[in-house]
Amino acid sequence: MINSDFTASIEEASSVIGKTWPLYAFVTSNPLSGYEDSTFEQAIQKAGRHLGASVLPSSSMFAQALSCGEINNEILKKMLEEAGLYKQAEFYLKEMDMVSDSHPVNVNHKLDRIISKWLGAYMDEGMSEWEMPGREKGFFSCWRSLAIYDPEIRIISGKEIPQTANQALAASLQGYSHEECVSIFSEHLAALPGWTGYIKYRMSECSPWQHEYPITLKDYLAVRLCIADSIHGEAHASRAEAQQQDDLFSLKLLWLKAWEKSWQQSLVKTIGDNLKKQKFGTATKQSPLAQFVFCIDTRSELIRRHIEAKGDYETFGYAGFFGIAADYRDPGTSLIRKSCPPILSSSYTISEAPLPAKAAEMSAYHKRKKYQVFADFLGQRMKNMLPSAFGYVEGTGLFYGLALLWRTLFAARQFKGEAGHENSCTTQLDSREDEKLSIQEKLREKVAIVKSAFDLLGWKNFAPLVVFAGHGSHSVNNPFGSSLDCGACAASPGRHNARMLATLANLPEVRSLLREEFKINIPHGTVFLGAEHNTATDEIVLFDAEVPATHHFMISLLISDLKEAQQSAITERLQDKNGLDLARRKTADWAETRPEWGLAGNAGFIIAPRRLTNKMDLKGRCFLHSYDWEMDGQGLNLEMIMQGPMVVTQWINNHYYFSTVDNEGFGGGSKITHNVTGKFGVVRGNGGDLKFGLPLQSVNSCDSKIYHHPLRLSVVIQAPCERIEQILSRNDHLKQLIINEWIYLLVMDPLGDNEIRLYQNNGSWALVDSEEAVASTTLLPFNHE
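Heads up, the sequence shown is in this note's numbering, so the first residue is 798 and it goes up one at a time.
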C-alpha cells in the first residue's frame, strides 16, 4: 500500500458516515446519505452491519401502527399472501419478537473511550477553561506531542510515534491492499459515527474553528490506529462482532411497505375526495385582503388552514429561505450564520441598519446584547476559575436558588413571543461580488430573486398586503433548539430571509424592471412585509414598522384575525381549550423536554396549487409547496423544486425515520442524560460518542411508545407525467432516489383526469387505487399529546 492512496481510500470509506451538524446549526439530514446510490434495502443492510444498529421498525412499532389503524389490515394481508405468508398478522409480530434488536457487544469500548477523550479536548469550541496546547499544529501533531502524558496509552517516548499521519497509517497498514484499507477505515470511522461525522462536517464547511485548529479524517484514523496498537486493541478488525443476520429482515421490510402503502392510499383518497368538492378552473379572487407565504414546513399546514378560515386570506408554501442564498450578520454580536440550505453556497449577506426614527432603540438593543454577552461570560469565568469558584458559588447560591424556583413555578410568565429588534431596523443585501458588479447588475440580481419567488409560487395577482412568514421556535434550556428552527435556513430562524424578500419586493426600481421586462405588474397599493411564525405557540409577529399609513387599518384587522387563528390552531394541536397557556408554559419551562414536536409525523410532500389541498386537514404530516403546472411550460420551476426542496425534505424524513427505528444508534438518546460538550454537541453521561440524531423525546411520546411514525417520504406532484419523466431524464440523482426507493413519487396528471399514479422502478406508472384501502374518507389518525 503506497501513501498516496490513503486519501482515496479514506474518501471511499467515509461514505459509511454522514455529517454531524453542531447544536447551533442542527440541520436534519439523512444519516445514510453516503449510501443513496444503493437501494434502500441494500443500504440499510450494509449500514446495519457497519454501525451495529437497527434499521427497520421493531415489532412493537408495527403492533402500535396496526392497533391504531395506521397499517390497513386488508393491505397487509394481501402483501403477506403475495409473499407466500398466510398466517395471521399477530403470528408474524411474535416471529419478529424472537429476534433481538439489541446492539452487539463493542469489543473496542476502551479504544473508543480513549479516542473520544482526545477528540473532546481537541475539538472544543470555547467551552473549556483550559485549552489543549498545540492545537494549531493539527490533531495528529498535537496528539503526538501530548500522548506520552496519557497513562492509558503507555507510550514512553514520542519517538515511538511516526512523524506524520501518513507515516503512521503506512506503518500500521503495511501489506494491506486498497480494498482491505477501505474496509479497515470504514470500520474505524463507523465506530464513532458522531465524532467522525463532525470531523466530516468541519472539513466540508470550512468553519473558523477548522481554520484555527484543523482536523481531518486521516488524522483521526492515524491517531486511532496508533492508540489501538499501543493498547493491543482490534486495530484491523471491526469494533464489534458482525451483527447477527436477521432472518426476518424481509418480513419487516414487507410490513414497512404495507404501512407506507396504507398511508399513501389514505392520502390519495383524501385528496380525491377533496377534488370532488372543488370546482377547478374557476377564476381566483382578484384581491383577497392579504396573502401569506409560509415555509413548506409541516408545522405551517395547521396555521395556514386556520388563517384561511378566518377571512378573505390566501396562503402559499415556499422553501423557508425564500430563495435567498445568504448568511445573516447579527447586529448585536456581529456573528455571521448561514441562512440558506446547506446544499447551497451563500452568495449574499443579510445585514440590518437602524431605521432613521429608531436609531435610539437599536442602540439600546446593542447595549443590552453586549451586556448580556459580557454577563454570561463573566458568570461562566467566575464559576470555572479556580481562585474564585468556591467563593462565587457560595456567595451567589441563594440567588441562583431563588431564580431556579421562579423559573420552575412561574415559567409561563417568562414567555417572550417577539423576535426583538426587527421593527427598529431595515434589512439590506450585500453580494459577495459587490465590488465587481455595476449598479445595474446589482439591481438585476435583486429582480431575479423576486421573480424566481413569484415564478415558483405560480403567482397571478397580488393582495394589498403580502406577508412572507419565516418561522422559528422559542424554547429555553434546549441544546437541540436549533433543530426546531427552519431547516431551509440551515437551522436558523427564517425571519431574516422573509424580511429581506419583502424589502426587495417593495423597491420601486425592482417593481419597475419586473413590469418592463417580465410583464409582472405589482399594484401600487400592494405592500410586502416580513413576519415570523413561532411554531411553538403558533403566534405570528408582523414586522410592520415600514408599512405606510394607508395600510395601518388593514394591519390592525389582520393582527386581530391572526390572534384568533393562533388560538384556534393551538387548541386543535394540543387538544386543550387552554392550549395557548399550555404552549407558552412549555416553551418557557427550563425543565420541559418537549417544547414542541417539531417535524415529527412527516410522511408526505405535496407540490401543487393550494386549491388541491384547501380545507384538507392533513394532520401536520405533509410539506406543502405551491406550484401551478400551467404557468411552468418548460417544467423548469418544477425541476428546481425537485432538485432542492424535495431532496431536503427527504433528508428530514430519513433523519426522523432512523432516529425513531434506533434512537440509541442513530438518534440522540434521552435528553435526561445529555451533557453538552465543546458548545457544539452532546454526549451521554461524561463521554462516549457524539450524538448525531434527534433525542428520544423528539420522536417518542414515552420510552416505549413512538410518536413519529417511521415512513419513507411520499411525494405527490400535480403535473403531466411526461414533464416529470423529462426532468428525471436530466437528473440522474433524482431518478436514483426514486428508483432506489428512498422516496416514493406519486403524480396527479391533470391531462389524465387527475388520476394519481406511482412511479415504478422500471420507469412505468402504476395507478394508485384508493378504494382498495377500504379506509375512511379522511387521513388515518395521528396521535397527539
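Positions of the beta carbon are idealized from the N, C-alpha and C atoms, including for glycine.
Classify residue i: buried if its beta carbon has 16 or more other beta carbons within 10 angstroms, exposed otherwise.
i	result
D1546	buried
C939	buried
S1280	buried
F1350	exposed
A1150	exposed
Y1556	buried
C865	exposed
M893	buried
D1566	exposed
I1521	buried
E887	exposed
N1591	Because the chain spans 798 through 1582 in this model, residue 1591 falls outside it and cannot be assessed.
S1289	buried
W1387	exposed
M924	exposed
A1037	Low local confidence applies: a pLDDT of 43 at A1037 is under 50, so the model's placement there is unreliable, and no value is given.
A850	buried
M1413	buried
A1161	exposed
A1329	Before going further, note that residue 1329 is Glu rather than Ala in the sequence given. With 16 or more Cβ atoms within 10 Å of its Cβ, E1329 is classed as buried.
G1322	exposed
I1236	exposed
A1563	exposed
T1347	exposed
Give the straight-line distance between the Cα atoms of residue i and residue j, rounded to the nearest whole angstrom.
i	j	result
K1476	S1270	20 Å
S1035	I952	For S1035, the predicted model reports a pLDDT of 45, less than 50, meaning its position is unreliable and no value from the coordinates is stated.
V813	A1260	50 Å
A1055	V1324	49 Å
M927	T1474	Checking the sequence shown, residue 927 turns out to be Trp, not Met. Answer to the nearest angstrom: the Cα atoms are 14 Å apart.
A1087	T1390	36 Å
A967	T961	10 Å
S1059	K884	20 Å
A944	K1015	18 Å
G1466	F937	30 Å
F1585	T1410	No information on residue 1585 is available, as it lies outside the stretch 798 to 1582 that the chain covers here.
V1571	E871	With a pLDDT of only 45 at V1571, under 50, the local geometry of the prediction cannot be trusted, and no value is derived from it.
F837	L1543	18 Å
I1540	L1531	10 Å
S1423	P819	31 Å
S1004	L1548	49 Å
D1378	V1264	26 Å
D1341	T1224	13 Å
L1326	R1308	15 Å
Y1094	Y998	First, the residue type needs correcting, since residue 1094 is Asp and not Tyr in the sequence shown. In a straight line, the C-alpha of D1094 is about 24 Å away from that of Y998.
Y1017	C1222	46 Å
I1352	C1283	26 Å
H1471	G931	29 Å
A1299	R1101	19 Å
E957	H1268	55 Å
With a cut-off of 8 Å on the beta carbons, I'd call residue i and residue j a contact; round off their distance for me.
i	j	result
I1593	G1395	Residue 1593 lies beyond the stretch modelled for the chain, which goes from 798 to 1582, so this question has no answer here.
L1243	L1304	First, the amino acid is wrong: residue 1243 is Lys here, not Leu. About 7 Å separates the two Cβ atoms, so the contact holds.
A1123	I1140	With 8 Å as the limit, A1123 and I1140 do not qualify as a contact, their Cβ atoms being about 14 Å apart.
Y889	L1048	6 Å
T1490	S1456	One point to set straight first is that residue 1490 is Gly, not Thr, in the sequence displayed. So it is a contact: roughly 4 Å between Cβ atoms.
S1511	Q1061	5 Å
C978	S811	The pair is not a contact, with the Cβ atoms about 13 Å apart (cut-off 8 Å).
D834	Q1515	Wrong, their Cβ atoms sit about 29 Å apart, outside the cutoff.
Cβ contact check for the stretch 1491-1498 and the stretch 1523-1530: 3 or more pairs under 8 Å
Pairwise C-beta distances place the stretch 1491-1498 out of contact with the stretch 1523-1530, as fewer than three of them are shorter than 8 Å.
Decide yes or no for the touch test of the stretch 1113-1128 against the stretch 1253-1265: beta carbon pairs closer than 8 Å, at least 3 of them.
Touching, yes.
Could you tell me whether the stretch 1397-1413 touches the stretch 1449-1463, using the rule of 3 or more Cβ pairs below 8 Å?
Output reads yes: the stretch 1449-1463 touches the stretch 1397-1413.
Across the stretch 1476-1493 and the stretch 981-995, are there enough close Cβ pairs to call them in contact, namely three or more that are closer than 8 Å?
Yes, they touch.
Fully enclosed by the stretch 1293-1372, which beta strand (DSSP E) runs are 3 residues long or longer?
Counting whole runs of 3 or more residues, the stretch 1293-1372 contains the beta strand (DSSP E) stretches 1324-1331 and 1336-1340.
State whether the stretch 1104-1113 contacts the stretch 1130-1137, with contact taken as three or more CB pairs (one from each stretch) at a distance under 8 Å.
Contact between the stretch 1104-1113 and the stretch 1130-1137 is absent, because fewer than three Cβ pairs lie under 8 Å.
Any contact of the stretch 815-825 with the stretch 853-866, i.e. 3+ C-beta pairs under 8 Å?
Output reads no: the stretch 853-866 does not touch the stretch 815-825.
Entirely within the stretch 826-875 and at least 4 residues each: give me those alpha helix (DSSP H) ranges in chain order.
Counting only runs of at least 4 residues, the stretch 826-875 fully encloses the following alpha helix (DSSP H) elements, listed from N- to C-terminal order: 837-848 and 856-864.
Threshold first: 4 residues or longer. Then list the alpha helix (DSSP H) segments lying entirely within the stretch 1433-1477, N to C.
With a minimum length of 4 residues, the continuous alpha helix (DSSP H) runs that stay inside the stretch 1433-1477 are 1433-1440 and 1442-1458.
Decide yes or no for the touch test of the stretch 1288-1299 against the stretch 1356-1364: beta carbon pairs closer than 8 Å, at least 3 of them.
Too few Cβ pairs lie closer than 8 Å, so no.
Runs of 3 residues minimum, wholly inside the stretch 903-943: which ones carry the beta strand (DSSP E) assignment?
Those beta strand (DSSP E) runs which fall completely within the stretch 903-943 and span 3+ residues do not exist here.
Can you confirm whether the stretch 1426-1443 touches the stretch 1303-1322 when touching is taken to mean that 3 or more C-beta pairs between the two stretches lie within less than 8 Å?
Counting C-beta pairs with one atom in each stretch, the stretch 1303-1322 and the stretch 1426-1443 have fewer than three that are closer than 8 Å, which means they do not touch.
Tell me, please, whether the stretch 1330-1347 touches the stretch 1359-1374 by the rule of three or more beta-carbon pairs shorter than 8 Å.
Yes: at least three Cβ pairs fall under 8 Å.
Of all the alpha helix (DSSP H) runs that stay within the bounds of the stretch 1094-1170, which reach a length of 4 or more residues?
If one requires a minimum length of 4 residues, the alpha helix (DSSP H) runs lying completely within the stretch 1094-1170 are 1097-1107, in chain order.
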